[in-house]
Every structure is written in C-alpha cells, then in structure tokens.
Amino acid sequence: MSDTSHDPNQMTGAAMIVRALIDHGVQHIFGYPGGAVLPIYDELFQQSDVEHILVRHEQGAGHAAEGYARSTGKPGVVLVTSGPGATNMVTPLADALMDSIPLVCITGQVPTHLIGNDAFQECDTVGITRPCTKHNWLVRDVNDLAKVLHEAFYVASSGRPGPVVVDVPKDVQFATGTYHPPRKSDVHLSYTPRLKGDAGQIRKAVALLASARRPVIYSGGGVVNSGPEASRLLRELVEVTGFPITSTLMGLGAYPASGKNWLGMLGMHGTYEANMAMHDCDVMLCVGARFDDRITGRTDAFSPNSKKIHIDIDPSSINKNIRVDVPIIGDCANVLGDLLQVFKAEAKRPDIKPWWQEVAKWRARNSLSYKKNSDIILPQYAIERLFEMTRGRDTYITTEVGQHQMWAAQFFGFEEPHRWMTSGGLGTMGYGLPAAVGVQVAHPNSLVIDIAGDASVQMTMQEMSTAIQYELPIKIFILNNQYMGMVRQWQQLLHGNRLSHTYSEALPDFVKLADAFGCVGIRATKPGDLDGAIQEMIDVRRPVLFDCRVAALENCFPMIPSGKAHNEMLLPAEANDEATAAAFAGGKALV
Amino acid sequence: MNQPASAYFMEERHDPIETHTLSVLVQNEPGVLARVIGLFSGRGYNIESLTVSETENQKHVSRITIVTTGTPMVIEQIKHQLDRMIPVYRVVDMTLTGRSIERELAMVKLRGTGEHRVEALRLAEAFRARVIDATIESFVFEITGNSAKINQFIDLMRPLGLVEVSRTGVAAIVRGPEGM
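Protein chains in written order, with this note's numbering: chain X, 28 to 618; chain A, 18 to 197.
Here you go:
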C-alpha cells in the first residue's frame with residue numbers, strides 16, 4: 028500500500044477503504060470499475076485479502092451483495108463508480124432498504140472541486156440515494172474517511188439492517204490522511220437502536236398469550252435478520268405454547284415448513300388456513316413483520332377481534348398500518364428470549380384444542396391443491412419436484428418476482444432461515460439471478476437455485492457471464508410460461524382479459540443461450556422428463572440455465588382479491604370464471 | 018365494492034386531521050435538512066411551517082421546528098420516521114406536552130399615505146408591532162407572536178396597503194425548567 032511516512036496509519040483514501048474492508052472482516056466485494064474508483068481498484072489489485080467479484084452491470088453487483096448478505100447474515104459490500112455506476116445501484120439499494128438487508132455500497136465521485144459542475148460521470152449520488160438508504164455520506168476530507176467507513180458498517184448491520192452509501196470523491200481517494208481501526212466513537216451519538224424489550228410490555232404480552240383461546244403467531248423477516256438465535260427461540264416459543272404459526276414471504280424458514288404447527292405462508296397468496304387463522308384469532312403475536320399491504324388485505328377488516336402484540340426493532344413499524352395493543356420495541360432474539368423466560372416462569376400453556384380443530388377444518392380445504400396433468404408440466408408440480416429432489420441437500424433458493432416466486436414460496440418447504448432469498452418489499456424482477464451469484468460466492472459448495480420466470484430472468488441475464496468467470500455453479504430454474512404471468516393474471520382478473528404487453532414474444536432459446544454463455548442448457552417439456560432433467564441439473568458442477576416449459580395459462584391461487592378480507596379468499600377449486608368474476612367486483616369480462 | 022380494479026387495496030380513511038408542532042434536535046451536518054424535508058415529501062406528509070437553526074454551536078446541534086398536519090396515526094408515523102434517522106437525537110411533540118409556547122416573527126411591509134398610514138400605526142401599536150423601517154410612503158413592521166396573532170395582523174393590514182410579508186415560521190419551547 029502506498030504509505031508516505033513511517034506511520035503505518037498514514038495512507039491514501041483508497042488504501043483506507045481496502046484497509047477498512049479488511050478490518051471489518053470482508054472477504055468478498057462485488058463491483059464494477061470506472062474512472063472515479065480507479066485508485067481503489069489499484070489498491071485492490073495489490074492485495075489478496077479481499078476478493079473482488081466483477082459483475083456485468085452494477086445492479087447485478089447490488090443484488091449479488093444482497094444474496095450474499097441474506098445467506099450469511101454479514102453485510103454485503105459493493106464498489107461502483109460515479110454517475111451511472113451509482114444510479115445503476117439505486118434499484119438494489121431500494122430493494123435492500125425495503126427488505127432490511129445490510130449493504131455497504133462505496134461509490135466513486137468526481138473530484139471535490141468538480142462537484143456541482145456537471146462533470147463527466149457526475150451525479151448527486153447522496154441526493155439520489157438518500158431516500159433509498161438507511162443513511163449515506165459524502166466524504167470531503169480524507170481524515171474523515173476511516174470514521175465514516177466504520178460507521179457505515181455499523182449502521183448497515185445494527186438495529187434494523189439496511190443499505191448505506193459512502194460516496195468518495197477521487198481526490199479524497201488519492202489524498203493521504205490518518206487511518207484508525209474501528210472504535211465506538213465513530214458512530215453518531217444520536218444513533219442508538221433499541222435491542223431490549225420493555226419488561227412491562229413483555230409481561231402484558233405473556234398475560235395475553237396465556238389467556239388466548241384462538242392464538243396465532245405471525246413471524247417475518249425480522250426473525251431471520253436477527254440471526255439464528257431468534258429462529259431457535261421462535262421454534263421454542265411455538266413448542267412451549269403449542270400455538271399455530273404462519274409467516275410472511277420474508278420470514279420463511281425461521282420456523283420449519285415440516286413443523287407440526289406450521290400453517291404455511293399468509294397473505295395475498297398465502298394458505299387458507301393461515302389467513303383464516305389470522306382473521307379469526309383472538310390473540311396475534313407478530314414477530315419481526317410489518318403488516319404490509321400484501322399481508323393485511325383491507326386493513327379495516329383485518330383480524331377484527333384480536334388483541335395484537337407486535338415485536339419490532341423499528342418503532343416506525345408500530346401502528347403504521349394496523350393499530351396494535353401491545354407494542355414491544357426491540358430485537359427479536361432479545362425480546363423472544365425474555366418473553367419465553369417470563370412465559371415459562373409465570374404462565375401456563377392455554378388449552379386451545381378447539382382452535383386446532385378449526386384450523387384442521389381449514390387445512391382440509393387443501394388450498395394449495397391443483398389439477399394434475401400428465402401432458403404438460405404445471406408450475407406447481409415443477410416446484411414440488413424440485414423441492415423433493417433437493418431434499419436433504421445443502422440448498423439455497425433465490426427467486427425473481429412474479430407467479431414463480433409465489434409458487435416457490437407455496438411449494439418449496441424451508442427448514443432453516445437464511446436459505447430463501449427473494450425480493451419481497453420492492454418486488455424487483457431480475458433480483459434472483461445475481462442474488463444466486465452472491466449466495467454461491469458465500470457458499471461455494473452448496474446447491475444454489477434461482478427459481479425464475481422467463482420474463483424476470485432476462486432483466487439481469489448478463490450475470491450468467493459472472494457465474495462462468497468465477498465458476499459459480501448456480502442453477503437458473505426458469506418456469507417458462509412465455510408470459511409475465513403475474514401481470515397477466517391481474518389483467519385476466521381485473522382488466523377484462525386484455526393482455527396488454529404481457530406475452531413474451533421473441534423469447535430467446537434458453538438452451539442455446541446457455542451454450543453461448545458457456546454454461547449448461549437443459550430443457551424439460553413433459554412431466555415425465557422432469558425428474559431426470561432436474562437430477563442432471565443438480566449433478567453437473569457448472570452453471571445451468573434450465574428451461575422448464577410449463578403450462579402457459581396457469582394462475583396463482585389461493586388469492587385474496589383486492590379490497591377483500593382474509594376470510595374472503597379465492598381458493599383454486601373455486602376459481603372458476605363466475606366465482607372469480609364475483610370475487611373481483613367491477614364484474615368485468617374474465618378469462 | 019366500488020373500488021376500481023386494482024392490485025392494491027383502495028381504502029379511504031376519514032380520521033380527523035390534527036395540527037402538531039414537533040421539535041427535532043439534529044446533528045448539524047451537510048444534508049440533514051434535506052433528509053428531513055425529503056422524508057416529508059417522500060412519504061406524503063404535510064409541512065405547514067419549518068424553521069431550522071443551529072442552537073448549540075459547540076455540539077453542532079440544530080433545532081428544527083415543524084408544524085405538520087395529519088391523522089393521529091400519520092402524526093405518530095412522522096415522529097417515528099424522524100426519530101429513526103441517524104442524525105436525529107430527539108423528537109418532541111410540543112402539542113402533546115400541552116405546555117408549549119409558540120412564536121414566530123413577521124416583517125410586514127405597507128405602502129400608503131394619509132388616513133391608512135395613521136390607522137396602520139394605530140393597529141401596530143395595539144399589536145405591539147414595531148416600526149423597523151419607514152419612508153414617507155411606507156412602513157416595515159416587525160411583529161412577534163403566535164401564528165394566529167400574526168395572521169390577524171396581516172389580515173388587518175391588507176386593506177391598508179399591504180405590500181409583502183416575510184415570516185420566520187414557528188419556533189417552539191416548553192414552559193417550565195426542563196429542557197427537551
């Protein structure tokens with residue numbers, strides 16, 4: 028490194044950045060070089076502690092870092108240049124903010140004296156990224172750089188995790204200053220995330236839980252983000268109380284899908300039993316979820332007769348959409364630990380046998396059923412087979428956004444947290460492929476599968492090239508129905524079946540495309556061929572593009588129609604034309 | 018069901034709208050005001066008035082006073098959203114304290130001669146407004162008070178030749194010995 032004096036802490040800004048990465052235990056970063064980050068790339072070149080993964084588009088770097096972060100619990104790190112490099116990162120930053128994923132993004136900036144001059148590849152990075160980061164910094168003095176970098180890592184990964192941006196002008200990268208290792212005083216005095224829940228509130232919660240007759244636990248991504256201990260405690264709580272549990276899309280895996288108290292996912296495409304339990308419960312324990320609109324349906328009819336307990340690390344999640352009775356602000360693991368302790372010491376598990384009998388009736392409706400077909404592959408069947416054939420393996424799943432994502436959530440059972448990477452809040456098509464790259468970088472020997480759709484996967488397809496370069500054997504399992512299926516589903520249900528621009532004309536031949544990238548292409552068109560093809564995909568130690576040709580017009584059910592409550596779900600068995608028309612008032616001509 | 022076909026749940030809430038004055042202590046650093054204002058515009062909150070100035074020079078602490086309107090749920094959200102910003106130390110809902118004093122300062126320019134001029138001076142005296150600039154055909158008054166008083170003064174000045182008004186926006190502080 029380019030030290031200019033005998034003081035080992037005297038170094039250039041660029042060297043400080045690499046040094047800070049090392050001090051924070053960063054092993055991999057995802058990035059793309061450019062004019063405003065050249066000094067940093069020069070430093071990267073001269074060391075071997077941090078491995079840089081070169082992507083093909085900055086958005087790919089962002090999603091790869093998100094996948095890396097979600098599958099490891101460590102912050103993902105991105106390095107991109109100024110201007111377009113930074114603006115291309117906006118989508119992953121917004122995505123990470125919505126899903127509370129810790130990202131540290133370092134952007135190059137034009138030299139300080141050119142800022143504001145419309146210089147080449149200049150943009151107002153901190154201005155543009157302000158609303159899509161947890162916090163961001165423009166570093167104008169090299170002597171502030173160490174402090175800012177350390178604070179950036181702390182802010183990204185503490186409290187409710189999220190993305191941060193550190194914008195570093197090129198002259199600051201060149202300038203020499205004093206580095207210091209991470210220390211407590213690097214952080215704003217005003218930033219003090221609360222971890223421990225209020226004891227009085229926890230007592231109130233326990234009293235409610237102990238008096239419940241129709242309880243339900245509703246857990247979310249916060250449990251996963253809190254770390255493995257939170258998931259362990261959640262499982263223990265279910266065990267100790269005997270309560271049924273459902274989860275949001277983001278929270279899958281915190282409680283195992285094979286667990287006997289599991290109701291399946293809730294929400295718009297959740298199971299009937301999960302949504303009915305939410306609607307009819309008398310006590311709801313929400314752990315690390317945020318009553319998102321895909322979960323609640325119409326809020327004025329949301330779980331009308333329940334007392335609600337809400338555990339969340341972010342006070343702004345409390346009473347945002349749904350008014351709750353017992354808010355507890357704190358980290359999930361922390362609060363669950365305290366809550367369990369109090370419950371075990373002071374409460375008795377309530378008798379909820381009649382409630383379980385009701386749940387059994389809802390379960391018997393078999394809301395995820397679909398009509399089997401021996402000629403064409405149904406997408407649900409494809410996911411079921413994929414799940415069966417990867418059972419017992421060390422598997423990570425990422426997804427794109429759309430019908431395939433919902434089918435993956437419904438039909439792939441997750442036993443552990445950190446195994447399921449999906450864009451929940453922002454709903455970013457194109458997330459899954461680069462996310463799989465990031466996951467595979469973190470877990471080189473695991474089976475990493477992106478369950479994709481034919482439309483989504485084309486948004487970030489270029490990252491296959493990254494997978495080839497770094498020999499990352501990711502599997503892109505494309506449920507190819509030649510439509511933007513979820514958008515089409517809404518057009519069928521709500522817009523008179525006028526399929527405006529949702530047919531994927533001119534799809535590439537994915538097998539030939541695989542060949543062009545230098546990876547393996549596999550196609551399955553018949554249900555009978557599926558198992559063999561999946562096995563081939565699993566066995567080959569190279570990246571795979573799997574073109575799974577599925578029924579073109581299959582739709583995703585069950586479903587809570589817009590403007591309806593949890594107990595007004597449309598089940599697949601009932602989703603004929605008339606029922607659908609009735610459910611989607613407005614009564615437009617349907618499928 | 019009369020909502021238009023939509024992938025979102027359309028709902029209208031008819032909770033009453035309240036006006037609250039919030040005091041926000043922030044680290045005075047570049048971009049902090051942009052963060053606060055961006056929060057309001059980005060999340061669709063209202064700003065009726067906003068004042069900001071550094072108040073503790075050594076500690077680089079600024080105090081922002083925001084007058085905002087919204088339903089009780091929105092007001093609660095605004096406070097939480099402000100509070101979770103990294104450079105924000107504290108958010109106090111001055112309205113909820115019930116003991117807050119609110120003042121703003123206005124400079125009011127008037128142009129006129131004869132009776133109007135005399136009447137304006139008379140009213141200014143009643144409102145304890147001071148003359149801080151005068152020509153033979155104009156006055157600039159300085160008036161301090163709560164927003165309602167200033168509104169009233171401006172309304173009275175309008176027919177007397179009001180030219181323009183410059184207002185500072187509301188500053189607020191809680192009565193009694195304790196700080197925020």
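Here a beta-carbon is modelled for each residue, glycine too, at the ideal position from N, C-alpha and C.
Note that the coordinates shown come from a computational prediction; the quantities given were computed from them, not determined experimentally.
Quick check on residue 133 of chain A - is its C-beta less than 9 Å from some C-beta in chain X?
For the purposes of this step, residue 133 of chain A is identified with residue 116 of the second sequence, where counting begins at 1. No, because no Cβ of chain X sits closer than 9 Å to the Cβ of residue 133 of chain A.
Kindly indicate which three-state DSSP category residue 365 of chain X falls into: helix, strand or coil?
Looking up residue 365 of chain X in the first sequence gives position 338. Three-state DSSP puts residue 365 of chain X in a helix.
Would you say residue 162 of chain X lies against chain A (beta-carbon separation less than 9 Å)?
Taking the first residue of the first sequence as 1, we reach residue 162 of chain X at position 135. It does: the Cβ of residue 162 of chain X has a partner Cβ on chain A nearer than 9 Å.
Indicate whether at least one CB of chain A lies closer than 9 Å to the CB of residue 320 of chain X.
On the first sequence, position 293 is the one that residue 320 of chain X refers to. Cβ-Cβ to chain A under 9 Å: yes for residue 320 of chain X.
Do residue 295 of chain X and residue 245 of chain X count as a contact pair if the criterion is CB distance below 9 Å?
The residue given as residue 245 of chain X occupies position 218 in the first sequence. The residue given as residue 295 of chain X occupies position 268 in the first sequence. Judged by beta-carbon spacing, residue 295 of chain X lies beyond the 9 Å limit of residue 245 of chain X, meaning their Cβ atoms are not closer than that value.
At least one CB of chain X closer than 9 Å to the CB of residue 43 of chain A: is that the case?
Mapped onto the second sequence, residue 43 of chain A falls at position 26. Closer than 9 Å: yes.
At a Cβ threshold of 9 Å, is residue 510 of chain X touching chain A?
The residue given as residue 510 of chain X occupies position 483 in the first sequence. Answer no: the Cβ-Cβ gap between residue 510 of chain X and chain A never drops below 9 Å.
Straight-line CA distance for residue 593 of chain X to residue 468 of chain X?
Start at 1 with the first residue of the first sequence, and residue 593 of chain X comes out as number 566. Start at 1 with the first residue of the first sequence, and residue 468 of chain X comes out as number 441. Rounded to the nearest angstrom, the gap between the Cα atoms of residue 593 of chain X and residue 468 of chain X is 40 Å.
Do residue 254 of chain X and residue 275 of chain X come within 9 Å of each other at the CB atom, strictly closer than that value?
The residue given as residue 275 of chain X occupies position 248 in the first sequence. The residue given as residue 254 of chain X occupies position 227 in the first sequence. Not a contact, by the Cβ cut-off of 9 Å.
Where does residue 507 of chain X fall in DSSP's three states?
Indexing the first sequence from 1 puts residue 507 of chain X at position 480. Residue state, collapsed to three classes: strand.
From this set, X:528, X:526, X:535, X:519, which residue's C-alpha is nearest residue 602 of chain X's C-alpha?
Walking along the first sequence from the start, residue 602 of chain X turns up at place 575. For residue 602 of chain X, the nearest C-alpha among the options comes from X:519.
Give, in chain order, every unbroken run of the beta strand (DSSP E) that is at least 3 residues long and sits entirely within the region 214-246 of chain X.
242-246
Which residues of chain X have a Cβ atom closer than 8 Å to the Cβ of residue 51 of chain A, listed in chain order?
Counted from its first residue, the second sequence places residue 51 of chain A at position 34. Residues of chain X whose Cβ lies closer than 8 Å to the Cβ of residue 51 of chain A are, in chain order, 154, 157.
Indicate whether the contact test is met: 3 or more Cβ pairs, each with one atom in the region 220-233 of chain X and one in the region 351-362 of chain X, closer than 8 Å.
yes
Quick check: what's the CA-CA separation for residue 508 of chain X versus residue 539 of chain X?
The residue labelled residue 508 of chain X in the question sits at position 481 within the first sequence. The residue labelled residue 539 of chain X in the question sits at position 512 within the first sequence. Separation of residue 508 of chain X and residue 539 of chain X (C-alpha to C-alpha, rounded to the nearest whole angstrom) is 18 Å.
Residue 105 of chain A versus chain X: which residues are under 7 Å apart at the beta carbon?
One-based indexing of the second sequence puts residue 105 of chain A at position 88. 217, listed in chain order.
Could you have a look at residue 37 of chain A and say whether DSSP puts it in helix, strand or coil?
Walking along the second sequence from the start, residue 37 of chain A turns up at place 20. Strand, per DSSP.
Assuming contact is defined by CB atoms lying nearer than 9 Å, are residue 577 of chain X and residue 547 of chain X in contact in what I supplied?
Reading the first sequence from its first residue, position 550 is the one you call residue 577 of chain X. Reading the first sequence from its first residue, position 520 is the one you call residue 547 of chain X. The answer is no: Cβ separation not under 9 Å.
Measuring straight from C-alpha to C-alpha, what distance separates residue 167 of chain A and residue 152 of chain X?
The residue given as residue 167 of chain A occupies position 150 in the second sequence. The residue given as residue 152 of chain X occupies position 125 in the first sequence. Rounded to the nearest angstrom, the two C-alpha atoms are 41 Å apart.
If you compare alpha carbons, which of X:408, X:400, X:481 is closest to residue 427 of chain X?
As a working note, residue 427 of chain X is residue 400 in the first sequence. It is X:481.
What are the partner residues of residue 58 of chain X, as DSSP defines its beta bridges?
Walking along the first sequence from the start, residue 58 of chain X turns up at place 31. In DSSP, residue 58 of chain X forms a bridge with X:81, X:106.
Quick check: residue 460 of chain X and residue 79 of chain X, are their CB atoms within less than 9 Å of each other?
Translated into the one-based positions of the first sequence, residue 460 of chain X becomes position 433. Translated into the one-based positions of the first sequence, residue 79 of chain X becomes position 52. For residue 460 of chain X and residue 79 of chain X, no; Cβs fall outside 9 Å.
So, for residue 342 of chain X: in the same chain, excluding its five sequence neighbours on each side, which residues have a beta-carbon less than 6 Å away from its beta-carbon?
Within the first sequence, numbered from 1, the residue matching residue 342 of chain X stands at position 315. Excluding positions up to five away in sequence, the list reads 356.
Return the residue from the list X:198, X:499, X:54 that minimises the CA-CA distance to residue 571 of chain X.
Here the question's residue 571 of chain X lines up with position 544 in the first sequence. Per the Cα distances, X:499.
If you run the structure through DSSP and keep just helix, strand and coil, what is residue 493 of chain X?
In the first sequence, counting from the first residue as 1, residue 493 of chain X sits at position 466. It is helical.
Which residues in chain X have a C-beta closer than 7 Å to the C-beta of residue 55 of chain A? List them in chain order.
As a first step, residue 55 of chain A must be located in the second sequence, where it is residue number 38. Chain X residues near residue 55 of chain A: 157, 158.
Check distances from the C-beta atoms of the region 93-124 of chain A to those of chain X and list, in chain order, the residues that come in under 7 Å.
93, 94, 97, 98, 100, 101, 103, 104, 105, 106
So if DSSP puts residue 163 of chain X in a beta bridge, which residue, or which two residues, is it bridged to?
The residue labelled residue 163 of chain X in the question sits at position 136 within the first sequence. As a beta-bridge residue in DSSP terms, residue 163 of chain X pairs with X:192.
List, in chain order, every chain X residue whose beta-carbon is nearer than 7 Å to that of residue 90 of chain A.
Taking the first residue of the second sequence as 1, we reach residue 90 of chain A at position 73. Within 7 Å Cβ-Cβ: 346.
Counting beta carbon pairs with one atom in the region 424-442 of chain X and one in the region 30-40 of chain A, are three or more of them shorter than 8 Å?
no
For residue 197 of chain A, name the three-state secondary structure that DSSP assigns.
If you number the second sequence from 1, residue 197 of chain A lands on position 180. Correct three-state label for residue 197 of chain A: coil.
Apart from the five residues on each side of it in sequence, which residues of its chain come closer than 6 Å, Cβ to Cβ, to residue 479 of chain X?
If you number the first sequence from 1, residue 479 of chain X lands on position 452. Listed in chain order, the non-local C-beta contacts of residue 479 of chain X below 6 Å within the same chain comprise 427, 459, 503, 505, local neighbours out to five positions each way being set aside.
Going along the region 166-192 of chain X in order, which residues come within less than 7 Å of chain A, judged by CB to CB distance?
182
Among the candidates X:124, X:99, X:93, X:66, whose CA atom is the shortest distance from the CA of residue 109 of chain X?
Taking the first residue of the first sequence as position 1, residue 109 of chain X is located at position 82. Nearest Cα to residue 109 of chain X within the set X:124, X:99, X:93, X:66: X:66.
Indicate the three-state DSSP secondary structure (helix, strand or coil) for residue 618 of chain X in the structure shown.
Taking the first residue of the first sequence as 1, we reach residue 618 of chain X at position 591. Here the model assigns residue 618 of chain X a pLDDT of 28, short of 50, so the residue's position is not dependable and the matter cannot be decided.
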